[in-house]
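Enquirer: Have a look at this one.
Protein chains: 4
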Amino acid sequence: MNSIAVVNFAPKKGSVEIREIPRPEIGEDDILLEVANVGVCGSDLHQWTCDHSWPVNYPVVLGHEFGGHIVELGKRVEGWNEGDRVVSETAAVIDMNNPMSRQGLYNLDPTRKGFGYGVNGAMTRFVKVPARCLHAVPKNLSFEQACLTEPCSVAYNAVVMNSNINPGDRVLVIGPGTIGILCAAIARLCGAEVAIVGLETDNTRLEIAKQFGCEALVGDAYEWAMKYDGLGVDCVIDAAGVSATLKMALQWVRPNGQITKVGWGPKPLDFSLDPLVQKNVRLQGSFSHNWPIWEKVISLLSSGILDVRPIIGGVWSLTDWHEAFEQMHSGKVVKSVLKPV
Amino acid sequence: MNSIAVVNFAPKKGSVEIREIPRPEIGEDDILLEVANVGVCGSDLHQWTCDHSWPVNYPVVLGHEFGGHIVELGKRVEGWNEGDRVVSETAAVIDMNNPMSRQGLYNLDPTRKGFGYGVNGAMTRFVKVPARCLHAVPKNLSFEQACLTEPCSVAYNAVVMNSNINPGDRVLVIGPGTIGILCAAIARLCGAEVAIVGLETDNTRLEIAKQFGCEALVGDAYEWAMKYDGLGVDCVIDAAGVSATLKMALQWVRPNGQITKVGWGPKPLDFSLDPLVQKNVRLQGSFSHNWPIWEKVISLLSSGILDVRPIIGGVWSLTDWHEAFEQMHSGKVVKSVLKPV
Amino acid sequence: MNSIAVVNFAPKKGSVEIREIPRPEIGEDDILLEVANVGVCGSDLHQWTCDHSWPVNYPVVLGHEFGGHIVELGKRVEGWNEGDRVVSETAAVIDMNNPMSRQGLYNLDPTRKGFGYGVNGAMTRFVKVPARCLHAVPKNLSFEQACLTEPCSVAYNAVVMNSNINPGDRVLVIGPGTIGILCAAIARLCGAEVAIVGLETDNTRLEIAKQFGCEALVGDAYEWAMKYDGLGVDCVIDAAGVSATLKMALQWVRPNGQITKVGWGPKPLDFSLDPLVQKNVRLQGSFSHNWPIWEKVISLLSSGILDVRPIIGGVWSLTDWHEAFEQMHSGKVVKSVLKPV
Amino acid sequence: MNSIAVVNFAPKKGSVEIREIPRPEIGEDDILLEVANVGVCGSDLHQWTCDHSWPVNYPVVLGHEFGGHIVELGKRVEGWNEGDRVVSETAAVIDMNNPMSRQGLYNLDPTRKGFGYGVNGAMTRFVKVPARCLHAVPKNLSFEQACLTEPCSVAYNAVVMNSNINPGDRVLVIGPGTIGILCAAIARLCGAEVAIVGLETDNTRLEIAKQFGCEALVGDAYEWAMKYDGLGVDCVIDAAGVSATLKMALQWVRPNGQITKVGWGPKPLDFSLDPLVQKNVRLQGSFSHNWPIWEKVISLLSSGILDVRPIIGGVWSLTDWHEAFEQMHSGKVVKSVLKPV
């Protein structure tokens, strides 16, 4: 029984198309998931436009933000049943004996491989998932929202685990993409006063960001950063990742403050980090997420404390993947979601 | 009554000479200190060679690593007596109402001015010191050692307060200057396995570093960093501060590890910080020190747990300041100490 | 010029009455404050009913939760002006040279003395306040709310500084008095799911607590603590302070979780702390507050992120102090506020 | 093929004897270990004298501090080979799906069962061990020392993971048993000034403790705690666990300090915890250990930074178990070690 899939087939711009693939065979520690919804990630777009910086096992089914129902269980799988509503983490292949994995930080195991680039992802009907990746989705939480657990977990790791934000703190987020907006939303959940800063072309996204209770700034945030006592903000979250944003972050952050870097960019920095020393500032990289973070995020989504619906720009069928990708790529929507069946 | 002083008189290379200065008049919150010993700091050398990057109030008496006896007390000073043996912190002028000062972090008050560049320092017989800067020196601790409380406090802040180093951790220190060697020494006190890495020209200093129980490496530390599990070291302390050392630090540090940056350098970085994100690494700037750090360091020096004598390359009279500066500048000694009287 | 004051005059039950006192003379580091509002604290009630456990300098003007305008300045006071709207911290007398004070933790200086028991408090028209105790109150924040900065700071210290609460955590607060309710409110600001537990007689207060977005439980919280995964809650905040509540807290808290003890009680415990060891739990005492906490709380009150109006049960004139005390003592209101002028 | 084993066969005082048991059959995730050395733990003595407080699956082979060679591997075991030198963690049975296990804190999984009480332990020739429990022992580390990895890990968790001890801190350890002495040793590794306090009858053990660089006190430690600034010590580690020691700890600890409770005791406390609140003190329970702790301890033992030989009072054959138990029970030795083959 074959199903259609959104396949990235070569390291060339635009090398994504619908193909038919067979139903995966699962191992004894895996389950087979019937995908209900799968979000489009910026990294899916990067593989599509071929300006990504990670190795891809071509051809590969795209998609790593997904949830659905269990339809088959490997013989050693315990604690799960057919029909269970679940979302899946993204670290599809890890070395269980790696020291990072042994500490629960398998997301930092250098040998890991993820869905959508290392192994087949979820932009299709059936996907093979190791049982250790699963998290239960409560009935009251729709899959359209639940499939955003992954980017929420990226933001939760950046804002909660890798930053120290307290009620009354002032936080600046740079870059109103999915991750930036979710970081702003979670910083608000921490009781902070939050502003998000973007370019003039980000107007649509900045309007959406406002729905999460933060201010939206265009261009320069220096004035916002310095108001009250002139020393700067407690935390800057750099969700953009270019040289210029980190340079600004160093100006905006207060002494003994923090900059959290969740955005990437391969280009060299073109300034000195002396302000980091002089201000005794922490610059903290934040990468992906792990089991306890997923549980916290699902709990926030299920209780309604975190409501991601404002960032969902639409739901498309697999065959309309191109439209879904385009809408997001052009910035018309923050997040596109696909529905395989 | 005049005394001689080592005075930096102009923003020009070599503008340091012996001059006579009057005995300072103190305010009601100050004491007058008769200097017993004063260490030469790398920043004194930078002002001498005029490649410093901070504003200097010319002419100014150099020297901010010092201790001695109290000879006069302002009328509002409480808790101190004539004859008390003391060392002095370096933040000579601060805004007590600044939010950083109100939290005990006056070292990060942007308006502060220090001895030896902002106000007259201690390379002379008498120096005016605000009583809030003082720390008692136990009888069993000589002033030759006590005057190194300042650089030890820089290292303590970097290694203990701004890093998280536990027994059994592996730590790499880059740059075998005074601060680098003291960072290595304090990392050993934290129970870590420590190596310090320098250039071939650092041989003398690396030999001294070994006396603090750490390994000395020349050039590349990759192999040392990767031995055991191939993931890298728990912490890299960058006491060099050039672009190249931070780039290496990012290679040597393990996922979820830390780089502490205590070394400065005005030149731009020439690489991307993507490994910081990918490895979820903390890059922490560390600057100067404050009251509780000074107390801990004096306690370590007094108990003998930290013995700084190996780094003291000699003690010179004020009139021999040029020799003391030269020996240190050339790398023949790690630390020169002056004795005004 | 005399003013009336609510004076606690002897270590005997009911020894509180209105007396006339002269306008205080201030020292060179003090300001004179004209009190706009002063909150009634549980400790004022304890001194009234004489079941307090701290030394009192009889006779003493009660009241340590207060704000108003500056009407006079000592000659060394900088940074403040006549007419400034301010609230005052409570540590009226401290030893500036005490090691705790030197670290900004003057609230833990064992020699400190507070308003309302150690020196005259604010249930009167004029109160002498050291300038170091002052915090500016923004125009948009009324004194009725601002005078609650003190109990809010107690709660902020307990919940934010002395606990580690993250979005999605589950928190149980025991005891719906002022501090308990404010702890619940601030735990909600941290993004937690919060329940507060009281007795049947606490019904009025539990209803008020609900307005801060938390659930209200009567009697036993075991079921609430165990729902979801049966392991217990991330944090229990004990704002009651009797032996029985700590015993329950140990049952309700999950392994590796935390109990924060902000409530007092002189009676001995009657159980073993073995569950604390077995579950690897942190039991953290929390006491009062310091400068940065006051700034954060004022910022939360001023921005409206924290709205304390639901707990204010009424505002009385000084001469009606007895009614104000009674209403609060009987549990009819959570917090009574007085208005001297 | 049968082997002799030290078996605890009933919940009655003295119910330990040598019995013959068959060679264990291993599952697909297990290995079979040939025991080289096994330490006697206080809990083995408690089961022998039947004053333990945990459930025991009688009859059970005692012993959970052990190391040896792998002689057989289950078919799914990866990363290990026959002949490998290993030590084993103690959590023989855990629920891999428990939220604590999913975070790497399987030691706090309430369903776990350990060697020596829940399943057969290592006071015999062959013991079945899940591969996930194993840690490699470097060649230069003898099994006599390596078998003490377990109590060292208990101490490391208490002192390093569950306390915050920095160079120059002052630490008091109460109770000079194995855990107390190892806590003192590791606190010294953290750069602290350490004293250990015991009773007059602890003289032999206190002398051994001194070999780890700490002072030994008999009876009262108040004077030691208060010297220097009269505020108390930074950390008290209670390795005794009776009501009286925690009461003293509360007197000896400084404001904002910490008490770490690693000792147990079923008797009720008979005092109020008000000083914990008033001093803003952290009372932290510490229980067992997990994977990264074992790796750190093995590294400390292998590098010689931590040398446990002073506490090993002797090595006995299995048939001399009674003598080994007696020597330790009477306090004549700190730690007895058995050698099965």
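Protein chains in written order, with UniProt numbering: chain A, 1 to 341; chain H, 1 to 341; chain B, 1 to 341; chain U, 1 to 341. The beta-carbon is built from N, C-alpha and C at its ideal position, and this holds for glycine as well.
Can you find a CB in chain U that lies within less than 9 Å of the CB of Gly27(A)?
Expert: Position 27 of the first sequence holds residue 27(A). No, because no Cβ of chain U sits closer than 9 Å to the Cβ of Gly27(A).
Enquirer: Within 10 angstroms of its Cβ, does Leu33(U) collect 16 or more other Cβ (buried), or is it exposed?
Expert: Taking the fourth sequence and counting its residues from 1, one reaches residue 33(U) at position 33. Answer is buried; the Cβ neighbour count reaches 16.
Enquirer: Compute the Euclidean distance between the alpha carbons of Asp51(H) and Leu62(H), then round it to the nearest angstrom.
Expert: The sequence position of residue 51(H) within the second sequence is 51, counting from 1. The sequence position of residue 62(H) within the second sequence is 62, counting from 1. Going from the Cα of Asp51(H) to the Cα of Leu62(H) covers about 15 Å.
Enquirer: Would a check of beta-carbon distances place Cys190(A) closer than 9 Å to chain B?
Expert: The residue you call residue 190(A) lines up with position 190 of the first sequence. By this cut-off, Cys190(A) is an interface position.
Enquirer: Would you say Asn97(A) faces chain U, with C-beta separation under 9 Å as the test?
Expert: For the purposes of this step, residue 97(A) is taken as residue 97 along the first sequence, with counting starting at 1. Chain U contact via Cβ: present.
Enquirer: Kindly indicate the opening and closing residues of the beta strand (DSSP E) around Leu172(U).
Expert: Here residue 172(U) refers to the residue found at position 172 when the fourth sequence is read from its first residue. Where Leu172(U) is concerned, the enclosing beta strand (DSSP E) stretches over Arg170 to Ile174.
Enquirer: One question on the structure: do Ile4(H) and Leu189(H) come within less than 9 Å of each other, judged by their Cβ atoms?
Expert: Along the second sequence, read from residue 1 onward, the residue named residue 4(H) stands at position 4. Along the second sequence, read from residue 1 onward, the residue named residue 189(H) stands at position 189. Cβ atoms of Ile4(H) and Leu189(H): not closer than 9 Å.
Enquirer: Mapping DSSP to helix, strand and coil, what is Arg23(U)?
Expert: Walking along the fourth sequence from the start, residue 23(U) turns up at place 23. Three-state DSSP puts Arg23(U) in coil, outside helix and strand.
Enquirer: When you compare the CB positions of Leu172(A) and Ile237(A), do they come within less than 9 Å of one another, or not?
Expert: As a position in the first sequence, residue 172(A) is number 172, starting the count at 1. As a position in the first sequence, residue 237(A) is number 237, starting the count at 1. Their beta carbons are under 9 Å apart, which means Leu172(A) touches Ile237(A) by this criterion.
Enquirer: Using the beta-carbon of each residue, which ones in chain U are nearer than 7 Å to Gly79(A)?
Expert: Looking up residue 79(A) in the first sequence gives position 79. Those are Asn97, listed as they occur along chain U.
Enquirer: Give me the chain U residues within the contact set of Trp291(A), using Cβ-Cβ distance strictly less than 8 Å, ordered along the chain.
Expert: As a working note, residue 291(A) is residue 291 in the first sequence. In chain order: Arg102 and Gln103.
Enquirer: So that I know if they touch, is there some Cβ in chain U lying closer than 9 Å to that of Glu295(A)?
Expert: Working through the first sequence from its first residue, we reach residue 295(A) at position 295. Answer yes: the Cβ-Cβ gap between Glu295(A) and chain U drops below 9 Å somewhere.
Enquirer: Relative to the ligand ATP, is the shortest distance from any of its heavy atoms to the C-beta of Ile4(H) smaller than 8 Å?
Expert: Summarising the ligand content, the structure contains no ligands, and the ligand ATP is consequently not present.
Enquirer: For Glu28(A), count the other beta carbons within 10 Å of its own beta carbon; 16 or more makes it buried, fewer makes it exposed. Which is it?
Expert: To locate residue 28(A), count along the first sequence from 1; it is residue 28. So Glu28(A) ends up on the exposed side.
Enquirer: Output needed for Ile231(A): all residues of its chain with C-beta closer than 7 Å, excluding positions within five of it in sequence on either side, in chain order.
Expert: As a first step, residue 231(A) must be located in the first sequence, where it is residue number 231. The residue asked about is misnamed: residue 231(A) is Leu in this sequence, not Ile. These residues qualify, in order along the chain: Arg254 and Pro255.
Enquirer: Check distances from the C-beta atoms of the region 235–261 of chain B to those of chain A and list, in chain order, the residues that come in under 8 Å.
Expert: From the region 235–261 of chain B, no residue has a Cβ closer than 8 Å to chain A.
Enquirer: Between the alpha carbons of Pro266(B) and Tyr156(H), how many angstroms are there, rounded?
Expert: Within the third sequence, residue 266(B) is the residue found at index 266, counting from 1. Within the second sequence, residue 156(H) is the residue found at index 156, counting from 1. Cα to Cα, Pro266(B) sits roughly 40 Å from Tyr156(H).
Enquirer: Does DSSP put Asn81(A) in a helix, a strand or coil?
Expert: Along the first sequence, one-based indexing puts residue 81(A) at 81. It is coil, neither helix nor strand.
Enquirer: So which residues of chain U does Val281(B) contact, with C-beta pairs closer than 7 Å?
Expert: As a working note, residue 281(B) is residue 281 in the third sequence. Result: Gly285.
Enquirer: Count the C-beta pairs between the region 74–82 of chain A and the region 198–212 of chain A that are closer than 8 Å, then say yes if the count reaches three, no if not.
Expert: No, they do not touch.
Enquirer: In chain order, what residues of the region 152–182 of chain B put their CB closer than 7 Å to some CB of chain A?
Expert: Cβ contacts with chain A come from Val160, Asn166, Pro167 and Gly168.
Enquirer: Candidates Gly285(A), Val7(A) and Gln278(A): which alpha carbon is nearest Leu273(H)'s?
Expert: Within the second sequence, numbered from 1, the residue matching residue 273(H) stands at position 273. Minimum Cα distance to Leu273(H) is reached at Gly285(A).
Enquirer: By the 10 Å Cβ neighbour count, where 16 or more other Cβ atoms means buried, how is Glu193(H) classified, buried or exposed?
Expert: For this step, residue 193(H) is matched to residue 193 along the second sequence. So Glu193(H) ends up on the buried side.
Enquirer: Chain B partners of Asp270(U), CB-CB under 7 Å?
Expert: Position 270 of the fourth sequence, counted from the first residue, corresponds to residue 270(U). By Cβ distance, chain B contributes Pro268.
Enquirer: So, are the CB atoms of Leu283(B) and Ile298(B) less than 9 Å apart?
Expert: For the purposes of this step, residue 283(B) is taken as residue 283 along the third sequence, with counting starting at 1. For the purposes of this step, residue 298(B) is taken as residue 298 along the third sequence, with counting starting at 1. Going by C-beta atoms, Leu283(B) is not nearer than 9 Å to Ile298(B).
Enquirer: Express the C-alpha separation of Asp229(A) and Cys133(B) in angstroms, rounding to a whole number.
Expert: Position 133 of the third sequence, counting from 1, holds the residue named residue 133(B). Position 229 of the first sequence, counting from 1, holds the residue named residue 229(A). For Cys133(B) and Asp229(A), the distance between alpha carbons rounds to 18 Å.
Enquirer: Considering only C-alpha positions, which residue in the set Ile165(A), Ile181(A) and Asp234(A) is nearest to Ala240(A)?
Expert: In the first sequence, residue 240(A) corresponds to position 240, counting from 1. Cα-wise, what sits closest to Ala240(A) is Ile181(A).
Enquirer: Within 9 Å of any Cβ in chain U, is that where the Cβ of Glu193(H) sits?
Expert: On the second sequence, residue 193(H) is found 193 positions in, with the first residue counted as 1. Chain U, which has a Cβ nearer than 9 Å to the Cβ of Glu193(H), makes this yes.
Enquirer: Do you know offhand how far Gly168(A)'s Cα is from Leu300(B)'s?
Expert: Numbered from 1 along the first sequence, position 168 holds the residue referred to as residue 168(A). Numbered from 1 along the third sequence, position 300 holds the residue referred to as residue 300(B). Using only the alpha carbons, I get a separation of about 5 Å.
Enquirer: To the nearest whole angstrom, what separates the beta carbons of Val87(H) and Gly104(H), a pair I think is in contact under 8 Å?
Expert: Position 87 of the second sequence, counting from 1, holds the residue named residue 87(H). Position 104 of the second sequence, counting from 1, holds the residue named residue 104(H). Going by Cβ atoms, the distance from Val87(H) to Gly104(H) rounds to 18 Å, so no, they are not a contact pair.
Enquirer: Below 6 Å CB to CB, which residues in the same chain sit around Leu206(H) once its five sequence neighbours on both sides are set aside?
Expert: Stepping through the second sequence from its first residue, residue 206(H) is reached at position 206. Taken in chain order, the residues that qualify are Pro176, Gly198 and Ala216.
Enquirer: Buried or exposed for Ser223(H), please, with buried defined as at least 16 other CB atoms from any protein chain shown within 10 angstroms of its CB.
Expert: The residue you call residue 223(H) lines up with position 223 of the second sequence. Correcting the residue identity first, residue 223(H) is Glu in this sequence and not Ser. Answer is exposed; the Cβ neighbour count stays below 16.
Enquirer: Between Leu306(U) and chain H, is any beta-carbon pair separated by less than 9 Å?
Expert: Against the fourth sequence, residue 306(U) aligns to sequence position 306. It does; some Cβ of chain H falls within 9 Å.
Enquirer: By Cβ distance below 6 Å, which residues in the same chain neighbour Pro310(H) in space, the five residues on each side in sequence not counted?
Expert: For the purposes of this step, residue 310(H) is taken as residue 310 along the second sequence, with counting starting at 1. Here the set comprises Ile208 and Gln211.
Enquirer: Assuming the contact rule is C-beta atoms closer than 8 Å, Val262(B) and Cys183(B) should be a hit. Round their C-beta distance to whole Å, please.
Expert: The count along the third sequence starts at 1 and reaches residue 262(B) at position 262. The count along the third sequence starts at 1 and reaches residue 183(B) at position 183. Correct: roughly 7 Å between the Cβ atoms.
Enquirer: With 16 other CB atoms within 10 Å as the buried threshold, where does Ala187(U) fall?
Expert: Taking the first residue of the fourth sequence as position 1, residue 187(U) is located at position 187. When all chains shown are included, Ala187(U) counts as buried.
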